[in-house]
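For reference, the structure discussed in these notes is given below.
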Amino acid sequence: MTDVILSFDTEDFTSNEAADAIYREAEILREEGVKGCFCLVGLLAKQLENWGRTDVLEALKHHEIASHSYGHTLHPTINEYTDIEDFDAAKAEVLRQETEAIQMIRHATGVDKMYAACPPGNQKSYVAMYVYADMGFPVYADTYCDTVDGQGVYYCNIFNVSYTYGMERTFLTCGEAEIRQLLDEMAENNRVILYTHPNICMFEEFWDAKNYYKENLHEFGQWERCTPRPKEVTEKFYENLRTVVRLLKEDKRFRITSYEELAGELMQEGKRVVTPADVPALYKSISENFYPVTEPCSLCISDMFLACREFLLGKGEHVCGKVYGFLDTPYAITEPVTLSAEDIKESAKDMDVSGFLPTEIKVGETVIGPADWLRGAMMVLCGEKTVTLKPGEQLPSLDALPMTRDCAFKGEWMQSDAFEDKYLSHRLRLQAWTMRFLKK
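The numbers in our numbering rise by one with no breaks, and the one at position 88 of the sequence shown is 97.
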């Protein structure tokens, strides 16, 4: 069976008129007896109150609410202000803005718990991902960090799921036959997220293309109106939205679900524990393929690294928790290195693993990379008194996550021309040590 989430990027804080689409789409779903997820921009939540749109806010009470950031395309955007060397400073600003967004959303809607954070556009900042995880969001939706078939991946301490199909691509003009064909394609996946932007069924352009393309083009509140679509086109979209909901309900291949239900499923994973007895199998696995594992439980490379350090310090088990990758490219040995077990054990004592992992580690008088150290630590835990390390991969392959592997934020979407992408794309890949897959 295919799980289907109906997700609405609810974002246009420039147009009271566009809020009509939020109301109509929310009501169509309610009338059909299903819940959607309305991912709400903080500033829009505040604007709905300012506009007196109690009709919209009342309609939203039937549905799930998620966060769609504080200001969406308001400059500086999330990518723009987090593309700095100082992670702590970037983190503090994300936390400040997104905390305010949540307060706005809660005040307007009365929602208590939100289960998903959905970034706007291509604003897939690794900094924001860590912050959302710290804020208690279980799910990060519309991500670059997912498999092609949308299985979902833990990355930066949060479960990442990608959007699957944008309804506005065809629902403005198509008929039932095309929708049925879409459902046949959807049925091949375990999970599908159908998404749309309510404002786009009413207007020819996106609101931010008119008002926030590369810069704040107008004073706040003095926005340019987008070009309205013919009313019959908008009504066609509403008709097709109702049709797809009815077909999904009737079709036993599908189950309409929510981010909240997904979060509940993730909670069933329970506590992840590693013991020294697991190390031989883990060493065998990463020797064959330097990659996350799903036995004895779902583990990322960072989980293994932290566990081995604790075992070298005499701990009898490691309970997995928060993990981090790197802020700079990790060092790697280029020729074989021989080290004593005692020196490797000693290096574990002075290692700071309270945050991002060290990019190089001194063992005795020799500097090695973190993956080199992990292999050596595992060999010691397997009983070796002296270990000889050979050059090897320091980062796992991202081929299963091609959008992460290939991402290059500069010049994309509506970002300022001054945006350099000096850190974000590279550092997103450097968090590959936090990547792990659910145990099936």
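Each residue gets a CB set at the ideal place from its N, CA and C atoms; glycine is no exception.
Quick one: using the 10 Å Cβ neighbour count with 16 as the cut-off for buried, is Pro147 buried or exposed? To locate residue 147, count along the sequence shown from 1; it is residue 138. Pro147 should be labelled buried.
Taking contact to mean at least 3 C-beta pairs separated by less than 8 Å, is the segment 361–379 in contact with the segment 116–124? Contact between the segment 361–379 and the segment 116–124 is absent, because fewer than three Cβ pairs lie under 8 Å.
Taking Pro305 as the reference, which of Gln403, Leu291 and Leu410 has the closest Cα? If you number the sequence shown from 1, residue 305 lands on position 296. Here the closest residue by C-alpha is Leu291.
Can you grab the Cα-Cα spacing for the pair Ala117 / Phe22, in whole Å? On the sequence shown, position 108 is the one that residue 117 refers to. On the sequence shown, position 13 is the one that residue 22 refers to. Their backbone Cα atoms lie some 14 Å apart in a straight line.
Determine the DSSP secondary structure at Asn291, reduced to helix, strand or coil. Here residue 291 is taken as the residue at index 282 of the sequence shown, counted from 1. First, the residue type needs correcting, since residue 291 is Leu and not Asn in the sequence shown. In the structure shown, Leu291 falls within a helical segment according to DSSP collapsed to helix, strand and coil.
Inter-residue spacing [alpha-carbon to alpha-carbon] between Gln160 and Asp426: If you number the sequence shown from 1, residue 160 lands on position 151. If you number the sequence shown from 1, residue 426 lands on position 417. Their backbone Cα atoms lie some 34 Å apart in a straight line.
Classify Gly378: buried if its beta carbon has 16 or more other beta carbons within 10 angstroms, exposed otherwise. For the purposes of this step, residue 378 is taken as the residue at position 369 of the sequence shown. Of the other Cβ atoms in all chains shown, 16 or more fall within 10 Å of the Cβ of Gly378; this residue is therefore buried.
By the three-class DSSP mapping on this structure, what secondary structure does Ser307 have? Residue numbering aside, residue 307 sits at position 298 when the sequence shown is read from its first letter. It is coil, neither helix nor strand.
Classify Lys133 as buried or exposed, calling it buried when 16 or more other Cβ atoms lie within 10 Å of its own Cβ. In the sequence shown, the residue the question calls residue 133 occupies position 124. Lys133 should be labelled buried.
Quick one: grab the DSSP three-state call for Phe428. For the purposes of this step, residue 428 is taken as residue 419 along the sequence shown, with counting starting at 1. In this structure, Phe428 counts as coil in the three-state DSSP scheme.
Supposed close pair Asp151, Tyr172 - CB separation, criterion 8 Å: Locating residue 151 in the sequence shown gives position 142, counting from the first residue. Locating residue 172 in the sequence shown gives position 163, counting from the first residue. Contact between Asp151 and Tyr172 is confirmed by a C-beta separation of about 5 Å, below the 8 Å threshold.
Which of the three DSSP states, helix, strand or coil, is assigned to Ile353? Translated into the one-based positions of the sequence shown, residue 353 becomes position 344. In the structure shown, the three-state DSSP call for Ile353 is helix.
Residues in its own chain within less than 7 Å of Ile188 by CB, not counting five upstream and five downstream? Against the sequence shown, residue 188 aligns to sequence position 179. By the criterion of a C-beta distance shorter than 7 Å, Ile188 is surrounded in its chain by Asn249, Thr252, Val253 and Leu256, once the five residues flanking it on both sides are discounted.
Report the residue ranges of all alpha helix (DSSP H) runs contained in full by the segment 46–125; include only those spanning at least 4 residues, in chain order. The DSSP assignment places 51–59, 63–69, 87–91 and 96–118 as complete runs of the alpha helix (DSSP H) inside the segment 46–125, in order along the chain (cut-off: 4 residues).
Note down, in chain order, each residue of its chain lying with its Cβ closer than 7 Å to the Cβ of Ile310, except the 5 sequence neighbours on either side. Start at 1 with the first residue of the sequence shown, and residue 310 comes out as number 301. Annotation for Ile310: Pro301, Pro405 and Trp442 place their beta carbon closer than 7 Å to its own, counting only its chain and skipping 5 residues before and after.
Taking Cβ positions, are Leu383 and Met313 nearer each other than 8 Å? Locating residue 383 in the sequence shown gives position 374, counting from the first residue. Locating residue 313 in the sequence shown gives position 304, counting from the first residue. The answer is yes: Cβ separation under 8 Å.
Quick check: the segment 41–51 against the segment 221–229, are at least 3 beta-carbon pairs closer than 8 Å? For the pair of segments examined, the segment 221–229 was found not to touch the segment 41–51: the number of CB pairs separated by less than 8 Å stays below three.
Let me make sure I understand the geometry here. Which of Cys46, Ser24 and Ala99 has the alpha-carbon closest to that of Arg62? The residue given as residue 62 occupies position 53 in the sequence shown. Nearest C-alpha to Arg62 among Cys46, Ser24 and Ala99: Ser24.
Would Ser27 and Phe212 qualify as a contact pair, given that the criterion is a beta-carbon distance under 8 Å? In the sequence shown, the residue the question calls residue 27 occupies position 18. In the sequence shown, the residue the question calls residue 212 occupies position 203. It should be pointed out that residue 27 corresponds to Ala in this sequence rather than to Ser. Against a cut-off of 8 Å, the Cβ pair of Phe212 and Ala27 comes out as a contact.
Cβ of Val13 within 8 Å of Cβ of Thr205? Locating residue 13 in the sequence shown gives position 4, counting from the first residue. Locating residue 205 in the sequence shown gives position 196, counting from the first residue. No.
Within the chosen definition, does the segment 93–102 reach the segment 72–82 through at least 3 CB pairs nearer than 8 Å? No: the two stretches stay apart, fewer than three of their Cβ pairs being nearer than 8 Å.
Considering only their Cβ atoms, is the gap separating Glu402 from Phe299 smaller than 8 Å? Against the sequence shown, residue 299 aligns to sequence position 290. Against the sequence shown, residue 402 aligns to sequence position 393. If you check the CB distance, Phe299 and Glu402 come in under 8 Å.
Inter-residue Cα distance where the pair is Ala380 and Glu185: Here residue 380 refers to the residue found at position 371 of the sequence shown. Here residue 185 refers to the residue found at position 176 of the sequence shown. Approximately 53 Å between the Cα atoms of the pair.
For a test of the three-state rule: what should DSSP assign to Ala316, helix, strand or coil? Taking the sequence shown and counting its residues from 1, one reaches residue 316 at position 307. In this structure, Ala316 counts as helix in the three-state DSSP scheme.
Backbone secondary structure at Ala150 - three-state DSSP: On the sequence shown, position 141 is the one that residue 150 refers to. Ala150: strand per DSSP, three-state reduction.
If I measure Cβ to Cβ from Lys354 and keep anything under 6 Å in the same chain, skipping five residues before and after, which residues do I get? For the purposes of this step, residue 354 is taken as the residue at position 345 of the sequence shown. Leaving aside the five residues that flank Lys354 on each side, the residues in its chain whose CB is nearer than 6 Å to its CB run, in chain order, Leu321.
Alpha-carbon spacing of Thr236 relative to Lys419, whole angstroms: Here the question's residue 236 lines up with position 227 in the sequence shown. Here the question's residue 419 lines up with position 410 in the sequence shown. Spanning the two alpha carbons is a distance of roughly 28 Å.
Around the Cβ of Pro128, are there at least 16 other Cβ atoms within 10 angstroms (buried) or fewer (exposed)? Looking up residue 128 in the sequence shown gives position 119. So Pro128 ends up on the buried side.
Give me the Cβ distance between Cys46 and Tyr268, rounded to the nearest whole Å; I'm assuming they're in contact under 8 Å. For the purposes of this step, residue 46 is taken as the residue at position 37 of the sequence shown. For the purposes of this step, residue 268 is taken as the residue at position 259 of the sequence shown. Yes, they are in contact, since the Cβ atoms of Cys46 and Tyr268 sit about 6 Å apart, within 8 Å.
Ala286 classed as buried or exposed, judged by whether at least 16 other C-beta atoms fall within 10 angstroms: Along the sequence shown, read from residue 1 onward, the residue named residue 286 stands at position 277. Under this definition Ala286 is an exposed residue.
Along the chain, where does the beta strand (DSSP E) containing Leu15 start, and where does it finish? Position 6 of the sequence shown, counting from 1, holds the residue named residue 15. Unbroken beta strand (DSSP E) run through Leu15: Thr11 to Thr19.
Glu107, buried or exposed, once every other Cβ within 10 Å from all chains shown has been counted against 16: For this step, residue 107 is matched to residue 98 along the sequence shown. Within 10 angstroms of the beta-carbon of Glu107 lie 16 or more other beta-carbons, which makes it buried.
Might you give, ordered along the chain, the residues of its own chain that have their beta carbon closer than 6 Å to the beta carbon of Val242, omitting 5 neighbours on each side? Taking the sequence shown and counting its residues from 1, the one referred to as residue 242 is at position 233. Shown here for Val242: same chain residues with a beta carbon closer than 6 Å to its own, the five before and five after excluded, namely Leu181 in chain order.
Suppose only complete runs of 3+ residues qualify. What are the beta strand (DSSP E) ranges in the segment 167–212, listed by chain order? Within the segment 167–212, the complete beta strand (DSSP E) runs of at least 3 residues are 167–170 and 200–205.
State the start and end residues of the unbroken beta strand (DSSP E) segment that holds Lys371. Here residue 371 is taken as the residue at index 362 of the sequence shown, counted from 1. In this chain, the beta strand (DSSP E) harbouring Lys371 covers Ile370 to Val372.
Cutoff 7 Å; reference Gln56; Cβ partners in own chain excluding five residues on either side: Here residue 56 refers to the residue found at position 47 when the sequence shown is read from its first residue. Phe22, listed in sequence order.
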